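The structure under discussion appears below in the form of structure tokens.
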């Protein structure tokens with residue numbers, strides 16, 4: 024458990040629309056998951072495709088409720104941006120973790136698990152397990 028403090032989820036995509044849509048879908052499939060802070064960090068400050076350290080930092084700060092923050096990314100440079108922020112040490116809230124998971128399925132698993140009150144380790148495990156979801 025996370026001592027009653029919810030785990031925050033940050034979804035980092037190269038597209039603001041994709042990040043927002045995946046956040047909406049994940050929360051919807053988790054029954055609304057109103058207690059789970061989910062923040063989208065998509066695109067650049069100017070609205071273009073890409074990633075923004077500033078938008079990611081702001082999203083993590085907004086999702087942080089003291090139970091840790093799970094960050095899921097879509098593509099390579101999003102991963103690199105989050106890794107750089109983590110390496111800085113003071114750009115992201117304490118307890119922020121980059122989660123190796125598929126973006127959409129991992130986001131759904133993370134939000135559903137966080138909605139149960141599970142801690143960061145369980146949220147990360149659920150998101151990572153999404154790699155094993157078979158469709159056929």
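Residue numbers (the numbering used here): 24 to 159.
Heads up, the beta-carbon is just placed ideally off N, CA and C, and yes, glycines get one too.
Predicted, not measured: the structure shown is a model, and the values here were computed from it.
Check, Outcome
"Exposed unless 16 or more other CB atoms sit within 10 angstroms - verdict on residue 58", "exposed"
"Reference residue 75, options 42, 89 and 91, closest by Cα", "42"
"Cβ neighbour criterion (16 or more within 10 Å) applied to residue 110", "exposed"
"Contact belief for residue 64 with residue 135 at Cβ below 8 Å, rounded distance in angstroms", "No, residue 64 and residue 135 are not in contact; Cβ-Cβ is about 20 Å, not under 8 Å."
"Reduced DSSP secondary structure (H/G/I, E/B, other) of residue 33", "strand"
"Stretch pair the segment 97-110 + the segment 128-145: three plus CB contacts closer than 8 Å", "no"
"From 147, 113, 86 and 116, residue whose alpha carbon lies closest to that of residue 128", "147"
"Cα-Cα separation, residue 160 to residue 119", "The chain is shown from 24 up to 159; residue 160 falls before or after that span and cannot be answered."
"Collapsed DSSP secondary structure at residue 15 in the structure displayed", "Summary: the structure shown does not reach residue 15, with the chain confined to residues 24 through 159, and so no result is reported for it."
"Simplified DSSP state of residue 146, which is helix, strand or coil", "helix"
"Residue burial classification, residue 24 (beta-carbon count within 10 angstroms, cutoff 16)", "Because the pLDDT of residue 24 is 46, which lies under 50, any placement of that residue in the model is unreliable, and the question is left without a value."
"For residue 151 and residue 114, the rounded distance between their alpha carbons", "24 Å"
"Beta-carbon separation (whole angstroms), residue 101 vs residue 35, contact threshold 8 Å", "5 Å"
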